[in-house]
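Q: Per the UniProt record's numbering, the sequence shown starts with residue 1, numbered consecutively. Glycine included, every Cβ here is placed at the ideal spot set by N, Cα and C. Note that the structure is predicted; figures quoted are calculated from it, not measured. Below are the structure tokens for one structure; questions will follow.
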Amino acid sequence: MYRILIIKLTEYSLIYRYEAKVIEIIVEQILLKLRSIHFSDDENLIGMHHRVQDAESSLQIDNLNVVRMIGIKGMGGSGKTTLARSIFDKVSTQFDGISFVENVREVSKGHGLQS
């Protein structure tokens with residue numbers, strides 16, 4: 001991967017004379033590569049794989065022009081946040097902007113909702 005990046009860097013420096021433009025292109029390329037890597041440790045969580053698959057299929061992310069939402073409910077400590085985080089980690093690479101908000105109730109009790 002590094003060898004390819006160096007070759008592309010040479011190509012970009014020949015095409016673009018401005019250093020800032022070359023840096024911008026390199027950063028974009030690196031971000032694209034990083035987005036394709038699945039950073040999650042849900043493989044180590046017992047019983048989570050099937051839950052993540054079920055939730056992901058319910059979301060039907062094939063059509064990105066449609067807003068979809070699922071609800072996750074259960075007793076405290078049953079793994080709701082862990083499940084949501086695993087799903088988020090798995091599908092977030094398909095979006096330009098992402099945000100994972102957790103423990104909203106606890107944070108909003110003390111400080112109210114803040115942006």
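For residue 117, which of helix, strand or coil comes out of DSSP?
A: One cannot answer for residue 117 here, as it falls past the ends of the chain, which runs 1 to 115.
Q: Looking at Lys80 and Lys90, is the spacing between their C-beta atoms short of 9 Å?
A: no
Q: With DSSP run on the structure shown, which of helix, strand or coil describes Asp96?
A: coil
Q: Measuring only the C-alpha atoms, how far is Phe88 from Phe100?
A: 7 Å
Q: For Gln94, which of Ile23, Ile70, Val104, Leu59 has the nearest alpha-carbon?
A: Leu59
Q: Whole angstroms is fine: what's the gap from Lys21's alpha carbon to Ile30's?
A: 14 Å
Q: Could you say which of Asn65, Asp62, Met69, Leu83 lies nearest to His50 if we only look at CA atoms?
A: Leu83
Q: Any idea what DSSP makes of Val52, helix, strand or coil?
A: In the structure shown, Val52 falls within a helical segment according to DSSP collapsed to helix, strand and coil.
Q: So what's Ile46 in DSSP terms, helix, strand or just coil?
A: In the structure shown, Ile46 sits in coil (DSSP, three-state: anything other than H, G, I, E or B).
Q: If you run the structure through DSSP and keep just helix, strand and coil, what is Ile70?
A: In the three-state DSSP reduction, Ile70 falls in the coil class, being neither helix nor strand.
Q: Assuming Ser86 is part of the alpha helix (DSSP H), what are its boundary residues?
A: 80-91
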